[in-house]
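Asks: In the numbering used here, the protein residues as written are 140 to 463.
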Amino acid sequence: MLDLSSDTLDIDLLILPETNLILVASVIEPLRAANRISGQALYRWRMFSPDGHPIETRSRIPVPVDGVFRPEKETAPLFVLSSYQWQMSATPLLRRQLSQTARYRTMMAGIESGSWLLAEASLLDGSSVTVHWEDMEEFASRYPQIAVMRERYVIDGKRITSGGSLPTLDLMLEIIRRRQGYSLALEVSRLFIYEHERTGGLLQVPALGNMRVADQRVSQAVRLMEETVDAPLTLARLAKRVGISARHLQDLFQESMGVAPHQHYLALRLNAARRKVIETKAEFADIAALTGFNSSSAFSRSYRAHYHESPTETRRRLRAGVKV
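1) My output table needs one value for L148: the three-state DSSP class, helix, strand or coil.
2) In chain order, what residues of the same chain have a beta carbon less than 7 Å from the beta carbon of T158, not counting five sequence neighbours either side?
3) Can you have a look at A206 and say buried or exposed, based on whether 16 or more other CB atoms are within 10 angstroms of its CB?
4) Helix, strand or coil: which one does DSSP assign to R183?
5) Leaving out five residues on either side along the sequence, give the residues of the same chain with a beta carbon under 6 Å from the beta carbon of H335.
6) For a test of the three-state rule: what should DSSP assign to D142, helix, strand or coil?
7) Quick check: what's the CA-CA separation for A233 versus A172?
8) At least one CB of chain D closer than 8 Å to the CB of L308: is that the case?
9) Could you give the distance in angstroms between the alpha-carbon of L262 and the alpha-carbon of P201?
10) Can you find the residues in the same chain that come closer than 6 Å, C-beta to C-beta, to A385, ignoring five residues on each side of it along the sequence?
11) Determine which residues share a DSSP beta bridge with P201 and list them.
12) If we ignore side chains and look at the alpha-carbon of each, how far apart do M186 and V163 end up?
13) CB-CB under 6 Å to A248, same chain, minus the five flanking residues each way: which ones, in chain order?
14) Going by beta carbon distance, what residues of the same chain come within less than 6 Å of Y446, once the five residues before and after it are set aside?
15) Look at S266 and I285 and say whether their C-beta atoms are less than 8 Å apart.
16) DSSP beta-bridge partners for E251?
17) Excluding the 5 residues preceding and the 5 following A241 in the sequence, name in chain order all residues of the same chain whose CB lies nearer than 7 Å to its CB.
18) Please name the residue, chosen from W225, D264, M227, that lies closest to S238 on a Cα-to-Cα basis.
19) Among the residues of its own chain, which have a CB less than 6 Å from the CB of S228, if the five just before and after it don't count?
20) Taking DSSP as the reference, what is the three-state secondary structure of A260?
21) Grab me the residues of I383's own chain with a C-beta within less than 7 Å of its C-beta, minus the 5 sequence neighbours each way, in chain order.
22) Using only alpha-carbon positions, find the residue among V287, S322, R175 that is nearest to A279.
23) Measuring CA to CA, which of L160, D142, I417, P169 is closest to F331?
24) Can you tell me whether H192 is buried or exposed, with buried defined as 16 or more other CB within 10 angstroms of its CB?
25) Buried or exposed: where does A424 fall if 16 or more other Cβ atoms within 10 Å of its Cβ makes it buried?
26) Along the chain, where does the beta strand (DSSP E) that runs through V293 open and close?
Listed below in structure tokens is the structure:
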């Protein structure tokens with residue numbers, strides 16, 4: 140499921156009563172954004188509830204569903220979403236249904252309190268998991284056969300768990316990164332940036348590596364990259380502008396972002412180029428010059444390597460009216 144691929148991935152969501160609306164959005168919105176940005180139907184999803192009725196969220200905004208959850212021989216990954224009062228949903232019937240459907244599913248995910256439901260159905264035994272930080276000690280005591288990790292999310296074989304709404308957003312970005320690459324995951328993450336522009340705060344970017352961008356020097360380097368897409372700086376010049384050595388910047392960047400500086404820089408430039416390919420009628424040679432490539436052929440090679448199609452194929456596909 141999480142190998143590099145441009146095939147459509149179908150995902151089923153079982154949403155339980157009293158789930159936070161933001162938790163549902165944290166799963167769906169990154170997938171919707173990936174479809175829109177790529178211009179392809181990379182992800183499709185269906186939503187179910189235990190009784191087939193719309194889910195009344197804690198914000199009193201109902202979430203419509205596609206029907207009642209039944210443990211049929213579906214193979215699509217199943218994400219179990221729950222926030223409050225998970226115990227009320229952990230009926231013998233639901234535990235049995237989860238156990239039955241797990242025989243066929245390629246992957247099962249416990250999202251926030253959904254991890255408790257999977258644990259109650261003995262579907263996390265022997266796995267490494269995470270839960271909301273407030274529940275870690277209680278969860279570990281209740282299920283000693285499960286290894287609880289102090290992480291935002293954990294992907295362990297055919298089991299996925301996340302510890303809350305923002306960690307779930309990070310999880311979905313990681314799924315996109317593994318399936319479509321760093322460039323698309325970065326572009327999706329930029330839709331969720333929260334930046335204290337006027338107060339001098341740090342750039343808050345949903346995590347694509349092991350951490351969020353919490354180091355001011357990395358944040359400054361990212362901003363410089365964004366400002367010099369048309370004329371990329373060398374690593375040495377970038378580090379000098381930030382005030383540290385090139386080696387130190389490379390280490391900090393790898394630690395915070397999970398990639399080397401040149402990979403992030405290239406992703407920024409290619410994403411800027413793709414927006415111009417999609418949104419303008421500019422010649423490819425002009426787009427190459429505007430995004431720091433020394434020739435249209437070099438731009439086309441790099442574009443194809445990242446997006447698995449040429450700029451010409453992107454425009455042709457979008458002109459054909461492919462819907463997502």
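Heads up, the beta-carbon is just placed ideally off N, CA and C, and yes, glycines get one too.
This structure is a prediction, so every number in the text was calculated from the model and none was measured.
Replies: Taking the coordinates as given:
1) Start at 1 with the first residue of the sequence shown, and residue 148 comes out as number 9. Residue state, collapsed to three classes: strand.
2) By 1-based counting over the sequence shown, the position of residue 158 is 19. So the list reads I194, T196, L220, S221, S222, once near-sequence residues are dropped.
3) Your numbering for residue 206 matches position 67 in the sequence shown. One point to set straight first is that residue 206 is Gly, not Ala, in the sequence displayed. With fewer than 16 other Cβ atoms within 10 Å, it is exposed.
4) As a first step, residue 183 is located in the sequence shown; it is residue number 44 there, counting from the start. Strand, per DSSP.
5) Counting from 1 along the sequence shown, the entry for residue 335 is found at position 196. Residue confidence for H335 is low, a pLDDT of 41 falling below 50, so the modelled location carries little weight; the figure read from the coordinates is stated next. If we look at H335 and ignore the five residues flanking it on each side, it has no Cβ neighbours.
6) Numbered from its first residue, the sequence shown carries residue 142 at position 3. D142: coil per DSSP, three-state reduction.
7) As a working mapping, residue 233 is identified with position 94 in the sequence shown. As a working mapping, residue 172 is identified with position 33 in the sequence shown. It should be noted that the sequence gives Leu, not Ala, for residue 233. Looking at the two C-alpha atoms, the distance is approximately 32 Å.
8) In the structure shown, chain D cannot be found, because there is only a single protein chain.
9) One-based indexing of the sequence shown puts residue 262 at position 123. One-based indexing of the sequence shown puts residue 201 at position 62. So the two alpha carbons sit approximately 29 Å from each other.
10) One-based indexing of the sequence shown puts residue 385 at position 246. Cβ within range, chain order: L374, A375, A378.
11) Here residue 201 refers to the residue found at position 62 when the sequence shown is read from its first residue. DSSP lists E195 as partners of P201.
12) Here the question's residue 186 lines up with position 47 in the sequence shown. Here the question's residue 163 lines up with position 24 in the sequence shown. Distance between the alpha carbons of M186 and V163: 10 Å.
13) Working through the sequence shown from its first residue, we reach residue 248 at position 109. F218, I299, listed in sequence order.
14) Stepping through the sequence shown from its first residue, residue 446 is reached at position 307. Taking Y446 as the centre and dropping the five residues before and after it, the same chain places no C-beta closer than 6 Å to its C-beta.
15) By 1-based counting over the sequence shown, the position of residue 266 is 127. By 1-based counting over the sequence shown, the position of residue 285 is 146. Between S266 and I285, the C-beta gap is smaller than 8 Å, which places the two residues in contact.
16) The residue given as residue 251 occupies position 112 in the sequence shown. Partner(s): S221.
17) Translated into the one-based positions of the sequence shown, residue 241 becomes position 102. Here the set comprises M247, L262.
18) As a first step, residue 238 must be located in the sequence shown, where it is residue number 99. Ranking W225, D264, M227 by Cα distance to S238 puts D264 first.
19) Residue 228 sits at position 89 when you count from the first residue of the sequence shown. Excluding sequence neighbours, S228 sits near L155.
20) Within the sequence shown, residue 260 is the residue found at index 121, counting from 1. Coil.
21) To locate residue 383, count along the sequence shown from 1; it is residue 244. The answer, listed in chain order, is R356.
22) Along the sequence shown, read from residue 1 onward, the residue named residue 279 stands at position 140. The option with the nearest alpha carbon to A279 is V287.
23) To locate residue 331, count along the sequence shown from 1; it is residue 192. With distances taken between Cα atoms, F331 lies closest to P169.
24) Position 53 of the sequence shown, counting from 1, holds the residue named residue 192. Burial is judged here by how many other beta carbons sit within 10 angstroms of a residue's own beta carbon; H192 has fewer than 16 and is exposed.
25) As a first step, residue 424 must be located in the sequence shown, where it is residue number 285. Counting Cβ neighbours within 10 Å, A424 comes out exposed, since fewer than 16 surround it.
26) Here residue 293 is taken as the residue at index 154 of the sequence shown, counted from 1. Taken as a continuous stretch (DSSP letters only), the beta strand (DSSP E) holding V293 covers 292–295.
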